[in-house]
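The structure under discussion appears below in the form of structure tokens.
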Amino acid sequence: MPLVPSFLILLLTCPALLTPSGSQSLQPGGQRAPRDTKPEGGGQPIKVVISEACVQGDSSQTQGKELDLEPGSAIVLTHRIRLVPGSSAGGCEAEFAALRDRLERLEKEVSSLREKCGGPEGGCCTSQQSKGAECSIKPEGDECPNECSDQGRCKDGKCVCFPGFSGPDCSLSDCPGNCNDKGKCVNGQCVCDPGFTGPDCSSESCPGNCNNKGRCVNGQCVCDPGFTGPDCSSESCPGNCNNKGRCVNGQCVCDPGFTGPDCSSESCPGNCNNKGRCVNGQCVCDTGFTGPDCSTKACPGNCKNRGKCVNGKCVCDSGFTGPDCSTKSCPGNCSNRGKCVNGQCVCDRGFTGPDCSAKACPNNCSNKGRCVNGKCVCEVGFSGQDCAAKGCPDNCSNKGRCVKGRCVCRRGFAPPDCSQCEAGLTGADCGTAMSGVSQLNTKDITESSVTLYWTPPPVQYDTYHITFTSQKEGDQQITSQVGGKLTTFTQTGLAAGQEYTVTIRGEINRRMGTESTVEFTTLISGPTNLRVVKTTTTSAVVQWEQSQGDIDRYRLTVAPNQTDGTAKGRQDLTLPPERDSAQIDSLDPGHLYDITLVAEKGGIKSKPATVQVTPGPEPPSGLVFSEVTETSLSVSWTKPKSPVSGFKVTYTHTQEGEPLSAMVDSGDSTLALSKLSPGSSYEVSVISILGLDESDAIKDLVMTLPDPPRDLRAINVTDTKALLLWRPALATVDRYIIVYGSEKGSDDAKITVSGNAAEQQLKGLQGSTMYTVTVTSQLGNLDSSAAITAFTTTGGSRGDGEVPRDLKASQVTPRSTLLTWKAPSAAVGSYKLTYQTEGQEKQEVTIDSTVTEFKLTRLHPMSKYTVQLQGERGGSYTATISTEFTTGNLRYPFPSDCSQELLNGIHESGEVEIFPKGRQGNPVLVYCDQVTDGGGWTVFQRRMDGKTDFFRGWKNYSKGFGELSGEFWLGNENLHNLTSMAPMTLRVDLRAGDESVFAKYSAFTVDTVRRNYALKVSGYSGTAGDSMSYHNARMFSTRDRDPTPFITRCAMSYRGGWWYKNCHEANLNGLYNTSVNHQGVIWTAWKGKDLSIPFTEMKLRPTSFTPPTQG
0 MPLVPSFLIL LLTCPALLTP SGSQSLQPGG QRAPRDTKPE GGGQPIKVVI
50 SEACVQGDSS QTQGKELDLE PGSAIVLTHR IRLVPGSSAG GCEAEFAALR
100 DRLERLEKEV SSLREKCGGP EGGCCTSQQS KGAECSIKPE GDECPNECSD
150 QGRCKDGKCV CFPGFSGPDC SLSDCPGNCN DKGKCVNGQC VCDPGFTGPD
200 CSSESCPGNC NNKGRCVNGQ CVCDPGFTGP DCSSESCPGN CNNKGRCVNG
250 QCVCDPGFTG PDCSSESCPG NCNNKGRCVN GQCVCDTGFT GPDCSTKACP
300 GNCKNRGKCV NGKCVCDSGF TGPDCSTKSC PGNCSNRGKC VNGQCVCDRG
350 FTGPDCSAKA CPNNCSNKGR CVNGKCVCEV GFSGQDCAAK GCPDNCSNKG
400 RCVKGRCVCR RGFAPPDCSQ CEAGLTGADC GTAMSGVSQL NTKDITESSV
450 TLYWTPPPVQ YDTYHITFTS QKEGDQQITS QVGGKLTTFT QTGLAAGQEY
500 TVTIRGEINR RMGTESTVEF TTLISGPTNL RVVKTTTTSA VVQWEQSQGD
550 IDRYRLTVAP NQTDGTAKGR QDLTLPPERD SAQIDSLDPG HLYDITLVAE
600 KGGIKSKPAT VQVTPGPEPP SGLVFSEVTE TSLSVSWTKP KSPVSGFKVT
650 YTHTQEGEPL SAMVDSGDST LALSKLSPGS SYEVSVISIL GLDESDAIKD
700 LVMTLPDPPR DLRAINVTDT KALLLWRPAL ATVDRYIIVY GSEKGSDDAK
750 ITVSGNAAEQ QLKGLQGSTM YTVTVTSQLG NLDSSAAITA FTTTGGSRGD
800 GEVPRDLKAS QVTPRSTLLT WKAPSAAVGS YKLTYQTEGQ EKQEVTIDST
850 VTEFKLTRLH PMSKYTVQLQ GERGGSYTAT ISTEFTTGNL RYPFPSDCSQ
900 ELLNGIHESG EVEIFPKGRQ GNPVLVYCDQ VTDGGGWTVF QRRMDGKTDF
950 FRGWKNYSKG FGELSGEFWL GNENLHNLTS MAPMTLRVDL RAGDESVFAK
1000 YSAFTVDTVR RNYALKVSGY SGTAGDSMSY HNARMFSTRD RDPTPFITRC
1050 AMSYRGGWWY KNCHEANLNG LYNTSVNHQG VIWTAWKGKD LSIPFTEMKL
1100 RPTSFTPPTQ G
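Under numbering that gives the first Met the number 0, read the sequence shown as residues 0 to 1110, first letter to last.
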């Protein structure tokens, strides 16, 4: 039953002054703290904990409200105590009893306070006085020991202990065994902790004291019959439901398949639906029901296994019938026109068939016809209700007589049943003839089409059948059907130039009328797309697309337009059938002509193709040549009177025959021709241009001047003689004119030698004299410019001690040698050393007089050199001494790049002369890196100290600049030559402090100057990151030339020459050591755009190169 809480409210209406000597600290559980006996002024703050809970065991877990009060503070206490008897299962009843006792004492003390506070003097509890000795709440008399341990009252200095406690200070418990530490002592009785019981709490307790439905044995309940559970609170079921169900409120809830109070019996499905008995868990169904639960109606005899049982009725299989499907059935139940006997119909009179559904015919039609709906359909030749009599087909359609089974038809009708007209006749009485169309003819004949027209016959046909047959290809026919009311028809898709036969026949009621015929020939195929493709001053070229069919010829007619009566007369040209163009000459310039072209075959002509033409512009005149040199000349002409849009100049070497052309604006009449061959004849022609038309050409021949001999030099110079040597001119010349004279002013001498000569001995010279020699080539009456050289004869007959001696070459390598000699006895001021090999210019070196050896470098391998040495003394030269040597062989005597130099066995990095265009090309001095990544690298760019200015123009970047030992750019023209020899790999080496990285690209080319040295680069690998691919396909640009400016002129903005885009990811030719505006030496993928990289090298080598192994 519910517990009704009761409340006790204590209200102190007057304040109490708490002093240290009289203060109390309230603790949960009713325990009182020891009294503080210290004098006033040394008190500690008072902690008050207020809790409404029933406290058991450890009071430290109690939740409540805490208040901190200073000693001497006024406080108003309102006590609200809620008592709920029996609400605690742990046995708080004893505590409530003790609490009630203490409340009674508290009420007495409160009453005493009221009396004291309510006196006439107001006592110490008035609002006017709340402090002082007279306000102490200490009990009168002497104090008790230990304040009675809060388990008693102090009276006259002695403790009056609460029930359950004893001793001078009430500290001893009166409970047996002190409750064995398994409970609390209250009023001398143990209040046991949960799980224990007994006077001294020594025995284990059972849950709920077994709810008075059993006995507690060693802390466990032994339940009375009918109850179960840990606390005997649950009712039990019979036989514990035999483990075949659950016990709910003392009753078994059985598992499926079991029943009974104790679930011991097997159950049947649906309790057999009350239509049977349950025997050992299986239904024994009542008559008329079946199934596991007797829910299904049963059929008689289980339908004899000849049908299905549906809702208690048999649905018989095909061929059976009856309530139990035991009887054979007949088809359609004999249609109710007969009886079913053993599954077969016995039909009533007048009906027949398996199911008696068909009507029967008399005498089964005598087996001479078919029975249809009870009537005989007789075979041909028989008639009558039972087909017993002979007859005619369809009774001769009432259009004839039946004679012995055959029809004799009326006129116009045809057997066998007189239902159709005879051939060629039609109409209801077969009296109208089916004649053909009349006046069949053709018109509008073209190459591929024709139109037929005719007069219709008296009979109105349903359809006309029209057939076109080619007489050339007889098996090819075109057939069409048209409506019977038409009188014309157009056929397309015919072949050109062929004869056709056309037939037309009418059709009515699926019968064909008389055929009408006509013949015709299609036009031959004519030329198409006649057009003028070129005109000159007096001619025109026309072109056309050829005829599709066979033709004999083309007929081309040119006639002045009727609006232009001043032009020349008519022209007729006959052309073979394979032609598709023709040139028309003898036209008047500027006049309009009509051109007509037809194809012909026999006497048949095609449709004409026409076009109009006006001959081309007026030609120039007065061709003149001037400023003729060995390799160039100027050509000029007089402009025509009529306006033109420009001129085309064509010049052709008369022997080599390769024509070259140049276009000239209409305002110019002069053109300079360059890069010509010396001493060569050229045919030069000039024509006027007007739109796409050209005039006739004016032509003339011109001869360039011959070139002079090359490498003119004097050797074997003595005091009276010298030998002149030269390389012949490129042109074939008639002769050479040699003129020489001295500085002393004597008359010049002139010698003429053959054009095949390459040397000439000069004699009768004066000693110690400087001579100047000129040699001129002569071809006909044309003279070349002069080749010039100078030499100085020796001083005459002096002793051998006055000339150097013993000139020798030693330590000869493929590219160098050491020359040594002995000095003359007479001192000289200096030495002049000259050396030369065939095909190369003479090299001259001035050497100090104190030197007697000199190393020649940069020589050509496998070459024979001639060396001459003279001493110079007072402006005069001694006699010449000479020697010869041949340089050694190399695998690549004229290496095209540094990789070939490495294969020559040169493993040291340094400057090397290479030949990108072969031995005949100009050599290029480069720096070879033979160490990095196996060597073989041709270095073409280096930045290292900022001493070289890279902010340069187009020409500098084309030719190259800088020093190979320091900073340099090899030159775009050299880069093009190197990368056009073979596929090249690019390597970029970068250093900043102790960091080194590289970028490698497997494909690298630089295009021609005409394409502005465009870059192609791809195939990145390396450690620097890819900053070069961004510039792929870009043209080179400099501060003075930007072929494709974007938003800004990048070379100007970023202060370099480079393959800028918009603008750069790499700028290795930028300003050195600057971080301003991204203008420095930059590789973005490595150091971004704000750091200028201190060291860079760009180099290349062939992609196919494999570094040699070094043993």
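Virtual Cβ for every residue (Gly too), placed ideally from N, Cα, C.
Between the region 762 to 781 and the region 704 to 715 there are three or more inter-stretch CB-CB distances shorter than 8 Å, so the stretches are counted as touching.
For Met1051, the enclosing alpha helix (DSSP H) has its first and last residue at 1049 to 1053. Here the region 897 to 908 lies against the region 934 to 944, with 3 or more beta-carbon pairs under 8 Å apart. Fewer than three pairs of CB atoms, one per stretch, sit closer than 8 Å, so the region 943 to 950 makes no contact with the region 906 to 925. Here Lys367 is buried. Its C-beta has 16 or more other C-beta atoms within 10 Å. Residue pairing of Pro658 in beta bridges, as defined by DSSP: Thr651.
In terms of CA proximity to Gln497, Ser605 leads the group Thr562, Val597, Trp543, Ser605.
Here the region 447 to 457 does not lie against the region 399 to 411, with fewer than 3 beta-carbon pairs under 8 Å apart.
Rounded to whole angstroms, Pro639 and Asp549 show a C-alpha spacing of 47 Å. The DSSP-derived three-state label of Asn1068 is coil. Met983 sits buried, since 16 or more C-beta atoms from the chains shown fall within 10 Å of its C-beta. As the crow flies, the alpha-carbon of Ser784 is around 12 Å from that of Ile737. At a Cβ-Cβ threshold of 8 Å, Ile503 and Ile444 do not count as neighbours.
Here the alpha carbons of Pro618 and Met1034 stand approximately 41 Å from one another.
Around Glu837, the same chain offers no residue with a beta carbon nearer than 6 Å, after the five sequence neighbours per side are excluded. Short of 7 Å from the beta carbon of Ala822, and not among the five residues preceding or following it, lie these beta carbons of its own chain, in chain order: Pro803, Thr851. In the DSSP assignment, Ala598 falls within the beta strand (DSSP E) that extends over 592 to 600. Distances from the alpha-carbon of Leu1090 to those of Glu1096, Met1097, Leu1099, Val1080 put Val1080 closest. Our two residues, Gly187 and Ser148, have alpha carbons roughly 16 Å apart in a direct line. Taking the C-beta atoms as reference points, Gln384 is found nearer than 8 Å to Cys375.
The beta-carbon separation of Gly207 and Ser233, rounded to 12 Å, does not stay under the 8 Å limit for a contact.
With respect to the C-alpha of Thr425, the residue from Leu1067, Arg578, Arg509 having the closest C-alpha is Arg509. Taking Val923 as reference, the option from Asp805, Pro894, Ala786 with the minimal CA-CA separation is Pro894. In the DSSP assignment, Gln899 falls within the unbroken alpha helix (DSSP H) covering 897 to 902.
Contact annotation: Leu985 and Phe1094 have beta-carbon atoms that are not nearer than 8 Å. The way I'd put it, the region 853 to 871 does touch the region 805 to 819; three or more beta-carbon pairs between them come closer than 8 Å. Within the region 249 to 314, the runs of beta strand (DSSP E) at least 3 residues long that lie entirely inside it are, in chain order, 250 to 253, 275 to 278, 281 to 284, 306 to 309.
Taking C-beta atoms under 8 Å as the contact rule, Ser524 and Pro616 fail to qualify, at a distance of about 36 Å.
In the structure shown, Pro892 falls within a coil segment according to DSSP collapsed to helix, strand and coil. Only residues of its own chain outside the window of five on either side were considered, and among them Gln475, Ala494, Gln497, Tyr499 have a CB closer than 7 Å to the CB of Ser469, listed in chain order.
Put simply, the backbone Cα of Val732 is about 10 Å away from that of Ala756. In the structure shown, Glu146 adopts helical secondary structure according to DSSP, grouped into three states. DSSP places Met983 in the uninterrupted beta strand (DSSP E) bounded by 983 to 991. Under the three-state reduction of DSSP output, Thr613 falls in the coil class, being neither helix nor strand.
For Thr978, no beta strand (DSSP E) segment is defined; the enclosing uninterrupted segment is the alpha helix (DSSP H) at 971 to 980.
Here Val610 is not near Val701, since their CB atoms are 8 Å or more apart.
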